[in-house]
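K.L.:
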Amino acid sequence: MKFLNVEIPVKNLPELDQGFVPLGLFFKHYAMGATKPLCIAVERSGGQIGTWECKVYDTPEMAEADAYYVDRLVKFLLWSWGGFKVYICGNDKLAEGIKKAYSVGGSREFDKNFMEGVYEHEFEVVALPYDQKPAPFQKTESVGRHTNGARIGFDAGGSDRKVSAVIDGETIYSEEVVWYPKVNSNPDYHYLGILAAMETAAAKILEKGRKVDGIGVSSAGVYIDNKCMVASLFLKVGKEDFDAKVKNIYTRAAEDLSRILGYEIPVVVANDGDVSALAGAMGLGENGIMGIAMGTSEAVGYVDGEGNICGWLNELAFAPVDGQPDAMEDEWSGDIGCGVKYFSQDGVNKLAPRAGIELDETEPPAKRLKVVQGLMAENDERAIKVYESIGVYLGHTMGLYAQFYDIHHVQMMGRVMSGRGGDIILETAARVMDEEYPEVKFRPEAPDEMTRRVGQSSAAASLPEVK
Numbered sequence: 001m002k003f004l005n006v007e008i009p010v011k012n013l014p015e016l017d018q019g020f021v022p023l024g025l026f027f028k029h030y031a032m033g034a035t036k037p038l039c040i041a042v043e044r045s046g047g048q049i050g051t052w053e054c055k056v057y058d059t060p061e062m063a064e065a066d067a068y069y070v071d072r073l074v075k076f077l078l079w080s081w082g083g084f085k086v087y088i089c090g091n092d093k094l095a096e097g098i099k100k101a102y103s104v105g106g107s108r109e110f111d112k113n114f115m116e117g118v119y120e121h122e123f124e125v126v127a128l129p130y131d132q133k134p135a136p137f138q139k140t141e142s143v144g145r146h147t148n149g150a151r152i153g154f155d156a157g158g159s160d161r162k163v164s165a166v167i168d169g170e171t172i173y174s175e176e177v178v179w180y181p182k183v184n185s186n187p188d189y190h191y192l193g194i195l196a197a198m199e200t201a202a203a204k205i206l207e208k209g210r211k212v213d214g215i216g217v218s219s220a221g222v223y224i225d226n227k228c229m230v231a232s233l234f235l236k237v238g239k240e241d242f243d244a245k246v247k248n249i250y251t252r253a254a255e256d257l258s259r260i261l262g263y264e265i266p267v268v269v270a271n272d273g274d275v276s277a278l279a280g281a282m283g284l285g286e287n288g289i290m291g292i293a294m295g296t297s298e299a300v301g302y303v304d305g306e307g308n309i310c311g312w313l314n315e316l317a318f319a320p321v322d323g324q325p326d327a328m329e330d331e332w333s334g335d336i337g338c339g340v341k342y343f344s345q346d347g348v349n350k351l352a353p354r355a356g357i358e359l360d361e362t363e364p365p366a367k368r369l370k371v372v373q374g375l376m377a378e379n380d381e382r383a384i385k386v387y388e389s390i391g392v393y394l395g396h397t398m399g400l401y402a403q404f405y406d407i408h409h410v411q412m413m414g415r416v417m418s419g420r421g422g423d424i425i426l427e428t429a430a431r432v433m434d435e436e437y438p439e440v441k442f443r444p445e446a447p448d449e450m451t452r453r454v455g456q457s458s459a460a461a462s463l464p465e466v467k
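Count the sequence shown with the UniProt record's numbering and you get residues 1 to 467, in order.
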């Protein structure tokens, strides 16, 4: 395969998506011939700065490849680390291209506005000489893994909400309830569902003669001080309602439950991807864990080699994985080739018609996924092709993620990973990694079936520290 004058030897392509251009291999083989040093630095809150050292060609014949490489690299780093200021150190022309993209009317205007909303800071792109590049500075923090007391764990997914009651580390009750938060504009719909779930779990704890000592919440989106800064989960809620009723939706529900029960209950809210990683770390008793939940979106979290959360966004649903020019567009960000359309129920629904499976496009994505899962349960060859294709996507993308994260284990969770289809995804991904990325030592794995689906809510229960 030749892409932007870069020769990419590819042994494995998805049967249902032969145009797939794995960015993991593009980054790897582009770098082999580049010689001019470049540093990309990303600044976020608290003066934290991540730096990425790389090289570009800086020749006329490779100008398009240089621009594409830096565009995709900046995009990946922003959605991995998060930040409001990007420094391009060592090439003013490439810096100018990034500055133009991350401006009003630019190709990355969505990303600019998103980061400004998260960090409440104007987005900037700065060009610097290579020898004036910023010094890296990162902070990490320990979170979760508390098992004492009686706790509620709540996990807000895009197709179902999950809640667990956990007493002294043992899950005594878990339930899943289908809901449709991404298509509902009334924030009271979301709030009442959240409160109902918490009340259900509280009742199970009270039945055991215990009081509720804490509430942990795992939810898609970006959370700072338990406040929802932005989340696709509440996509249809208008800004006024979002500011008034969504930013504090989980703390409000905890306060209302506290009033009902007659005592104050502490609450901690965390990104669902980080809780997914925490669930994996708790299950394995190890660190250096990436957790990926494949459901309505691709939720990613990361626990570093010391067992800490890095404070990164890890919103890899919106980081690129595919370079093909006609890759599927994400309707939220407006970009193409990003993880959300490959590692979610949207990925299944995208591939199913290509395999000859007719789906009712008027049905919600979760119901269409169930149709494919039903066929998979019957060993339908068309469904097998869907899951094998996702496995090829995953194998290549693990090779990409390994370039940016120190990973010892990747734990796969979520509705898409349920059943035999999830097993096929893992088997195929491992084979692709063996053949394409033998230098990467880990292979994606999955916990048991119940943990795949409700493990996050149980891990969420461990978030608050209670006396």
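Note that CB positions come from ideal geometry on N, CA and C, so glycine has one too.
Quick caveat: nothing in here was measured; it's all calculated off a predicted structure.
#1: DSSP on Phe114, reduced to helix/strand/coil?
#2: Terminal residues of the continuous alpha helix (DSSP H) containing Ile88?
#3: Kindly give me the distance between the Cβ atoms of Gly157 and Ser462, rounded to whole angstroms, as I take these residues to be in contact under 8 Å.
#4: Can you tell which of Leu426, Arg415, Ala366 and Ala446 has its C-alpha closest to the C-alpha of Glu388?
#5: If the criterion is Cβ atoms closer than 8 Å, does the pair Gly334 and Gln324 meet it?
#6: Along the alpha helix (DSSP H) that carries Val125, what are the first and last residues, could you check?
#7: Verify whether the separation of the beta carbon atoms of Val177 and Ala197 is less than 8 Å.
#8: Is Ile260 buried or exposed, if buried means 16 or more other CB atoms sit within 10 Å of its CB?
#9: Can you give, in chain order, each stretch of the alpha helix (DSSP H) that sits fully within the segment 231-266 and has at least 4 residues?
#10: What's the call for Glu120, buried or exposed, on a 16-neighbour Cβ count within 10 Å?
#11: Closer than 8 Å by C-beta to Leu25: which residues in its own chain qualify, once you throw out the five before and the five after it? Chain order, please.
#12: For Glu64, report the span of its alpha helix (DSSP H) as first-last.
#13: When DSSP labels each residue in this structure, what does Ile205 get in the three-state scheme?
#14: Can you say whether Ser276 is buried or exposed, counting buried as having 16 or more other CB atoms within 10 angstroms of its CB?
#15: What does the alpha-carbon distance come out to for the pair Ile88 and Tyr30?
#16: Which residues in the same chain as Ile309 place their Cβ atom closer than 7 Å to its Cβ, once the five residues preceding and following it in sequence are excluded?
#17: Have a look at the DSSP bridge pairing and note the partners of Arg161.
#18: Mark Met450 as exposed unless 16 or more other C-beta atoms lie within 10 angstroms of its C-beta, in which case mark it buried.
#19: In terms of alpha-carbon separation, which member of Gly47, Glu315 and Arg151 lies closest to Phe76?
#20: Report the partner residues of Gly216 according to the DSSP bridge assignment.
#21: On the DSSP bridge list, what partners appear for Thr171?
#22: Is it buried or exposed for Pro14, if we count other Cβ within 10 angstroms and need 16 for buried?
#23: Just curious, the beta strand (DSSP E) that Met290 is in, first and last residue?
#24: Name, in chain order, the residues that DSSP records as bridge partners for residue 471.
#25: Here's the rule I'm using: 16 or more other beta-carbon atoms within 10 Å means buried, otherwise exposed. How should Leu394 be labelled?
#26: Using the beta-carbon count (16 or more within 10 Å), is Asp272 buried or exposed?
#27: Assuming Asn279 and Ala446 are in contact, meaning their beta carbons sit under 8 Å apart, how far apart are those beta carbons, in whole angstroms?
#28: Would Leu351 and Val386 be called neighbours here (beta carbons separated by less than 8 Å)?
#29: Would you decide whether Glu381 is buried or exposed? Buried here means 16 or more other CB atoms lie within 10 Å of its CB.
#30: Compute the beta-carbon to beta-carbon distance between Gly193 and Arg161, rounded to the nearest angstrom, for a pair I have assumed lies under 8 Å.
#31: How would you write the range of the alpha helix (DSSP H) that Glu435 sits in, first residue to last?
#32: Here's the rule: buried if 16 or more other CB atoms are within 10 angstroms of the residue's CB, otherwise exposed. What is Pro444?
#33: Residues in its own chain within less than 6 Å of His146 by CB, not counting five upstream and five downstream?
#34: Determine the direct distance from the alpha carbon of Pro181 to that of Glu53, and round the result to whole angstroms.
#35: Going by the beta-carbon positions, is the gap between Lys99 and Val125 smaller than 8 Å?
#36: Could you check which residue in Pro22, Asn5 and Leu16 has the C-alpha nearest to that of Met433?
P.N.:
So, from the data block:
#1: On the sequence shown, residue 114 is found 114 positions in, with the first residue counted as 1. Helix.
#2: For the purposes of this step, residue 88 is identified with residue 88 of the sequence shown, where counting begins at 1. Note, Ile88: premise wrong, no alpha helix (DSSP H); beta strand (DSSP E) at Lys85 to Cys89.
#3: Residue numbering aside, residue 157 sits at position 157 when the sequence shown is read from its first letter. Residue numbering aside, residue 462 sits at position 462 when the sequence shown is read from its first letter. Rounded, the Cβ-Cβ distance is 18 Å, inconsistent with contact.
#4: The sequence position of residue 388 within the sequence shown is 388, counting from 1. Among Leu426, Arg415, Ala366 and Ala446, the Cα nearest to that of Glu388 is on Leu426.
#5: In the sequence shown, residue 334 corresponds to position 334, counting from 1. In the sequence shown, residue 324 corresponds to position 324, counting from 1. No, these two residues do not count as a Cβ contact at 8 Å.
#6: Reading the sequence shown from its first residue, position 125 is the one you call residue 125. Unbroken run through Val125 is the beta strand (DSSP E), Glu124 to Leu128; no alpha helix (DSSP H).
#7: Position 177 of the sequence shown, counted from the start, is the residue given in the question as residue 177. Position 197 of the sequence shown, counted from the start, is the residue given in the question as residue 197. For Val177 and Ala197, yes; Cβs fall inside 8 Å.
#8: For this step, residue 260 is matched to residue 260 along the sequence shown. Exposed, since its Cβ has fewer than 16 Cβ neighbours within 10 Å.
#9: 249-261
#10: Residue 120 sits at position 120 when you count from the first residue of the sequence shown. Classification of Glu120: exposed, given that the 10 Å Cβ count is below 16.
#11: For the purposes of this step, residue 25 is taken as the residue at position 25 of the sequence shown. Around Leu25: Ile8, Pro9, Val10, His396, Gly399 and Glu436.
#12: On the sequence shown, residue 64 is found 64 positions in, with the first residue counted as 1. Here the alpha helix (DSSP H) through Glu64 covers Ala63 to Trp81.
#13: Translated into positions along the sequence shown, residue 205 becomes position 205. Helix.
#14: For the purposes of this step, residue 276 is taken as residue 276 along the sequence shown, with counting starting at 1. Buried is the call here.
#15: Reading the sequence shown from its first residue, position 88 is the one you call residue 88. Reading the sequence shown from its first residue, position 30 is the one you call residue 30. Distance between the alpha carbons of Ile88 and Tyr30: 19 Å.
#16: Translated into positions along the sequence shown, residue 309 becomes position 309. Excluding positions up to five away in sequence, the list reads Thr140, Glu141, Val143, Asp274 and Val303.
#17: Mapped onto the sequence shown, residue 161 falls at position 161. BP columns for Arg161 point to Ala156 and Val177.
#18: Sequence index remark: in the sequence shown, residue 450 carries index 450 (1-based). Caution is warranted here: a pLDDT of 49 is assigned to Met450, below 50, making its placement in the model unreliable, and the coordinate value is therefore given only provisionally. By the neighbour-count rule (16 or more Cβ atoms within 10 Å), Met450 is not buried but exposed.
#19: Looking up residue 76 in the sequence shown gives position 76. That would be Glu315, whose Cα lies nearest to the Cα of Phe76.
#20: Position 216 of the sequence shown holds residue 216. According to DSSP, Gly216 bridges with Gly153 and Val268.
#21: Position 171 of the sequence shown holds residue 171. For Thr171, which the question treats as bridged, DSSP gives the partners Val166.
#22: The count along the sequence shown starts at 1 and reaches residue 14 at position 14. Its Cβ being crowded by 16 or more others within 10 Å, Pro14 is buried.
#23: Reading the sequence shown from its first residue, position 290 is the one you call residue 290. Here the beta strand (DSSP E) through Met290 covers Ile289 to Met294.
#24: One cannot answer for residue 471 here, as it falls past the ends of the chain, which runs 1 to 467.
#25: For the purposes of this step, residue 394 is identified with residue 394 of the sequence shown, where counting begins at 1. Buried is the call here.
#26: Walking along the sequence shown from the start, residue 272 turns up at place 272. Classification for Asp272: buried.
#27: In the sequence shown, counting from the first residue as 1, residue 279 sits at position 279. In the sequence shown, counting from the first residue as 1, residue 446 sits at position 446. The residue you asked about is not Asn; residue 279 is Ala in the sequence shown. No, Ala279 and Ala446 are not in contact; Cβ-Cβ is about 12 Å, not under 8 Å.
#28: Mapped onto the sequence shown, residue 351 falls at position 351. Mapped onto the sequence shown, residue 386 falls at position 386. Cβ atoms of Leu351 and Val386: closer than 8 Å.
#29: Counting from one through the sequence shown, the residue named residue 381 turns up at place 381. Exposed, since its Cβ has fewer than 16 Cβ neighbours within 10 Å.
#30: For the purposes of this step, residue 193 is taken as the residue at position 193 of the sequence shown. For the purposes of this step, residue 161 is taken as the residue at position 161 of the sequence shown. That belief holds up - the Cβ atoms of Gly193 and Arg161 are roughly 6 Å apart, short of 8 Å.
#31: Position 435 of the sequence shown, counted from the first residue, corresponds to residue 435. Per DSSP, Glu435 belongs to the alpha helix (DSSP H) from Gly419 to Glu436.
#32: Locating residue 444 in the sequence shown gives position 444, where the first residue counts as 1. Answer is buried; the Cβ neighbour count reaches 16.
#33: As a working mapping, residue 146 is identified with position 146 in the sequence shown. Once the five neighbours on either side are set aside, the close Cβ partners of His146 are Ser462 and Glu465.
#34: Within the sequence shown, the letter at position 53 stands for residue 53. Within the sequence shown, the letter at position 181 stands for residue 181. One C-alpha to the other measures close to 40 Å.
#35: As a working note, residue 99 is residue 99 in the sequence shown. As a working note, residue 125 is residue 125 in the sequence shown. Yes, the Cβ-Cβ distance between Lys99 and Val125 is below 8 Å.
#36: Counting from 1 along the sequence shown, the entry for residue 433 is found at position 433. Of the candidates Pro22, Asn5 and Leu16, the one whose C-alpha sits nearest the C-alpha of Met433 is Pro22.
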